[in-house]
Amino acid sequence: MRKMKGFWLPLLLLAFPLIEARAGAQWNPPNPVVSFEKQTNGVEIHQQAGTLRLEVDAPDLLHVTYLPLEKTESHPSDNVVVKKDWPAATFDLASDEKTITLSTAKLKIVVERESGALRYEDAAGQQLTTEAYRSLRPVEVNGEKTHHAESFFAIYGSHEGLYGLGQHQAGVWNYRGETVDLSQENTEIAVPLLVSTNGYGIFWNNPSRSRVNNRFVHSLYLSAEVADRIDYYFIYGPGVDQIIGRYRELTGEVPLFGRWAYGFWQCKNKYQSQAEIEGVAAKYRSLHIPVDNIVQDWFWWVTMGEMKWNSKYPDPQGMINKLHEQHFHLMVSVWPYFRPGTSIYDQFDKNGWFIAKTLVGGFHPLGQALYDPSNPQARAEYWKNIDASLFAKGVDAWWLDTDEPETEGREDNILIDHKVHIGSGARYANIYPLWHSEGVSQGQQTASDKKRVFILSRSAYAGSQRLGVTAWSGDVLSDWETFKRQIPAGLNYSISGNPYWTTDIGGFISGGNLNDPKFRELFIRWFQFGAFSPIFRVHGTRYPDENELWSYGPDAQKILVDYDNLRYRLLPYIYSQAWQITSNRATLMRPLVMDWRDDVDAQDTGDEYLFGPAILVSPVTTQGATSRRVYLPKAEWYDFWTGAKMDGARYINAEAPLDKLPLFVRAGSILPLGPAMEWSTQKPADPIEIRIYPGADGDFTLYEDENDNYNYTKGQHATIRLQWDDTAKTLTIGARQGSFPGMIAKHTFNVIVVAQSHGAGALESTQARRVEYSGDQVQIHP
Numbered sequence: 008m009r010k011m012k013g014f015w016l017p018l019l020l021l022a023f024p025l026i027e028a029r030a031g032a033q034w035n036p037p038n039p040v041v042s043f044e045k046q047t048n049g050v051e052i053h054q055q056a057g058t059l060r061l062e063v064d065a066p067d068l069l070h071v072t073y074l075p076l077e078k079t080e081s082h083p084s085d086n087v088v089v090k091k092d093w094p095a096a097t098f099d100l101a102s103d104e105k106t107i108t109l110s111t112a113k114l115k116i117v118v119e120r121e122s123g124a125l126r127y128e129d130a131a132g133q134q135l136t137t138e139a140y141r142s143l144r145p146v147e148v149n150g151e152k153t154h155h156a157e158s159f160f161a162i163y164g165s166h167e168g169l170y171g172l173g174q175h176q177a178g179v180w181n182y183r184g185e186t187v188d189l190s191q192e193n194t195e196i197a198v199p200l201l202v203s204t205n206g207y208g209i210f211w212n213n214p215s216r217s218r219v220n221n222r223f224v225h226s227l228y229l230s231a232e233v234a235d236r237i238d239y240y241f242i243y244g245p246g247v248d249q250i251i252g253r254y255r256e257l258t259g260e261v262p263l264f265g266r267w268a269y270g271f272w273q274c275k276n277k278y279q280s281q282a283e284i285e286g287v288a289a290k291y292r293s294l295h296i297p298v299d300n301i302v303q304d305w306f307w308w309v310t311m312g313e314m315k316w317n318s319k320y321p322d323p324q325g326m327i328n329k330l331h332e333q334h335f336h337l338m339v340s341v342w343p344y345f346r347p348g349t350s351i352y353d354q355f356d357k358n359g360w361f362i363a364k365t366l367v368g369g370f371h372p373l374g375q376a377l378y379d380p381s382n383p384q385a386r387a388e389y390w391k392n393i394d395a396s397l398f399a400k401g402v403d404a405w406w407l408d409t410d411e412p413e414t415e416g417r418e419d420n421i422l423i424d425h426k427v428h429i430g431s432g433a434r435y436a437n438i439y440p441l442w443h444s445e446g447v448s449q450g451q452q453t454a455s456d457k458k459r460v461f462i463l464s465r466s467a468y469a470g471s472q473r474l475g476v477t478a479w480s481g482d483v484l485s486d487w488e489t490f491k492r493q494i495p496a497g498l499n500y501s502i503s504g505n506p507y508w509t510t511d512i513g514g515f516i517s518g519g520n521l522n523d524p525k526f527r528e529l530f531i532r533w534f535q536f537g538a539f540s541p542i543f544r545v546h547g548t549r550y551p552d553e554n555e556l557w558s559y560g561p562d563a564q565k566i567l568v569d570y571d572n573l574r575y576r577l578l579p580y581i582y583s584q585a586w587q588i589t590s591n592r593a594t595l596m597r598p599l600v601m602d603w604r605d606d607v608d609a610q611d612t613g614d615e616y617l618f619g620p621a622i623l624v625s626p627v628t629t630q631g632a633t634s635r636r637v638y639l640p641k642a643e644w645y646d647f648w649t650g651a652k653m654d655g656a657r658y659i660n661a662e663a664p665l666d667k668l669p670l671f672v673r674a675g676s677i678l679p680l681g682p683a684m685e686w687s688t689q690k691p692a693d694p695i696e697i698r699i700y701p702g703a704d705g706d707f708t709l710y711e712d713e714n715d716n717y718n719y720t721k722g723q724h725a726t727i728r729l730q731w732d733d734t735a736k737t738l739t740i741g742a743r744q745g746s747f748p749g750m751i752a753k754h755t756f757n758v759i760v761v762a763q764s765h766g767a768g769a770l771e772s773t774q775a776r777r778v779e780y781s782g783d784q785v786q787i788h789p
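Counted the way my numbering counts, the sequence shown spans residues 8 to 789.
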């Protein structure tokens, strides 16, 4: 009996998804294929209850739509998908009595005539998933007659992992067996891209509130509250990078931030005056602590929406000029709300540019009005006020706070039961932050091409990445459990195709007592994580009212400044990886599943990640810990701090005293480190220390440009390719490609091959081989 049980169990597990799919389908009326017609870009399939269209955009990209038989009203575009015209793709169409099969060079889609189910396979016939049925149920939402959309997919394999969907704070990494609501809230960001380790992604192209339900682990339901049709893109990778690449091609490529944005940011809730900001900036410079940006949080204004500095900022222009002279950038918080009593409020009110004029709760007894960025005129006027009051005076970046939009005192997003300029708010409930960011981003780019757009947004949507948006994880608590949950939240946001993300280092709500050693420990551990996040920024409500690096006492300050200095040494690496994001659709904060998709341990690891292609980061999220369990995927690894080499495909217990964040570097990595700096452009990034981690061949492209304007989009930049041949133990520094004004004619490269106690740690190595480089190819044996 035991032998029989062992024999049949794998077969039952393989059959279970199909059994469950059919069990689910029996609760829905049959929807057989009636006829089909080949189109120039795919096939149109007429079913008993609707029309299914399969559009081949590329061999690995299929646009799937399903429309009801009855005619539906045409609604304005939401402008999420920006690439809609594709070159003709080659495909074959075949049919028999039971199936209709569409084949490309990478995908095969089999439509069952009897049920209408879609079976997705790769070119070799390996089953990926099956859309077992789809339905459009007539409903009325927010006074609009529409449909509730639902697609049901069968999930195969016990170890298929599901990721993405934006940022969510339940502490869940792998969404297999979970349900996720796609609805914008403070700390919850909806991005409807689902990524599977089975080699595919699904971009659910619907901006209404949606749900991804996999509570039954072999059944995946995708549903939307408001829909004219089912609309999704099926993306075949099989690698995660390829899936993300197609997603960005669909929804927009990622621009490059100014170099300063990758440095350290100083912020708190909140700076109260011009004198305070100027004093903090001056002290940072006098202490020689690296920093590039200082942030002015909310209520710097007289009346919300007016963009007028209050009396505690008597000379905003002088303040901005002084900060710039000290090599600071200034970010200012602006909100999408307006309060009565100003001419700008009256103008928006008169023109009907508000979604709602009196919100429940909020911060003012008269209420506050939310503007409507779906209206192009309102969006343009909103930017016009920012431009005149802030950008024209030199403000460098924008903090778009509360742009879910937040509505205090009610559970639902305010759009759900209101109208917007282009229709029912419920239809467009998740897209508000995209519209809002778009107005600011396009407005600044129209005003000037000398300063790259940077937007810090509390919410985001599919396409936000094309607008110069970094999302942060919202108003999170200052405790260990919340800190722990930031890591899977950020990794899922990153694998959703949006590469720039950050947190309030130390947490925002409930603050933290600066004199409490336990809070100081939490802040240090969070700060270490922040130093290896795409954007590196402290923020929060503290007691006493300070949040600068010297506020935590001399022992903590030393650790914090050490990691700040390390971040600046890593800028050549980080900025070069930022270029890879822009030019090659790369991802900086890389969950392990991106590089080890078939490794079950990597699939389930949501508290470690690669920072770029080289550095494995393992944040410490347990109070009092002096070590942590680390999973090293299959590769050879070097301890960053000691140079010790070890094998992967195993767990280790890594030392982690308070001053040490466990960091490991993959064999075959080439890691460029620049000189110590107090701000990102204090001096040219020279000399550059090139650390080679032997054990595999390596390849890295060093990127340079003018640091902050849009000339890089016109070809004004330079790259230097570094290649390590591990067998020959040879480094080739390739000929420089390209040029730009102010480019360094000659570089000094200090090359070192890492080994135990050799080329390790954060400080500059003293045993490196010096190479003078003038732009021509150089080959050395370090």
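Don't be surprised by glycine CBs; every beta carbon is placed ideally from N, CA and C.
Query                                                                                                     : Result
Residue 6 versus residue 99: straight-line alpha-carbon distance, rounded                                 : An answer regarding residue 6 cannot be provided, because it is not within the stretch 8 to 789 covered by the chain.
Test item: CB-CB of residue 82 and residue 430 under 8 angstroms                                          : yes
Runs of beta strand (DSSP E) wholly within the segment 426-509 (minimum 3 residues, chain order)          : 462-464, 476-479
Touch test, the segment 308-320 against the segment 343-350, Cβ-Cβ under 8 angstroms, three pairs minimum : yes
Top-ranked residue by Cα proximity to residue 566, from 665, 330, 733                                     : 665
Nearest-angstrom beta carbon gap, residue 640 and residue 498 [assumed within contact, 8 angstroms]       : Rounded, the Cβ-Cβ distance is 15 angstroms, inconsistent with contact.
Backbone secondary structure at residue 705 - three-state DSSP                                            : strand
Cβ-based burial, residue 628 [other Cβ within 10 Å; buried from 16]                                       : buried
Inter-residue Cα distance where the pair is residue 6 and residue 622                                     : Any answer about residue 6 is impossible in this case: the structure gives the chain only from 8 up to 789.
Nearest residue (CA-CA) to residue 720, options 479, 645, 457                                             : 457
Any 3 or more C-beta pairs closer than 8 angstroms across the segment 726-734 and the segment 695-711     : yes
Burial state of residue 76, where buried means 16 or more other Cβ atoms lie within 10 Å                  : exposed
Residue 468 and residue 380 closer than 8 angstroms at C-beta                                             : no
Residue 732: first and last residue of the uninterrupted beta strand (DSSP E) it sits in                  : 724-732
Buried/exposed call for residue 223, threshold 16 Cβ in 10 Å                                              : exposed
Inter-residue spacing [alpha-carbon to alpha-carbon] between residue 749 and residue 594                  : 29 angstroms
Simplified DSSP assignment, three categories, for residue 263                                             : coil
Assigned secondary structure, residue 44 (DSSP; H/G/I helix, E/B strand, else coil)                       : strand
Simplified DSSP assignment, three categories, for residue 124                                             : coil
Member of 335, 282, 602, 228 whose CA lies at the smallest distance from the CA of residue 265            : 335
Counted within 10 angstroms of its Cβ, other Cβ atoms place residue 781 as buried (16 or more) or exposed : exposed
DSSP state of residue 93 mapped onto helix, strand, coil                                                  : coil
Limits of the alpha helix (DSSP H) - the one that residue 247 falls within                                : 247-258
Separation of residue 678 from residue 778, as counted between CA atoms                                   : 16 angstroms
Proximity winner among 387, 74, 85, 415, relative to residue 453 (alpha-carbon distances)                 : 387
As assigned by DSSP and simplified to three states, the class of residue 771                              : coil
The segment 188-195 / the segment 149-164 touching (three or more Cβ pairs under 8 angstroms)             : no
Rounded C-alpha distance that separates residue 147 from residue 69                                       : 30 angstroms
Same chain only: Cβ atoms within 7 angstroms of residue 11, ignoring 5 sequence neighbours per side       : For residue 11, the predicted structure reports a pLDDT of 31, less than 50, and the residue's modelled location is therefore unreliable. The matter cannot be settled from this model.
Identity of the residues DSSP links to residue 405 by a beta bridge                                       : 339, 462
Beta-carbon proximity list for residue 245, same chain, < 6 angstroms, skipping 5 on both sides           : 206
CB of residue 472 within 8 angstroms of CB of residue 255, strictly                                       : yes
Inter-residue Cα distance where the pair is residue 120 and residue 161                                   : 18 angstroms
Burial state of residue 553 (16 or more Cβ within 10 Å)                                                   : exposed
Proximity to residue 528 [Cα-Cα], best of 668, 405, 227, 337                                              : 668
Nearest candidate by alpha-carbon position, reference residue 647, set 636, 613, 761, 713                 : 761
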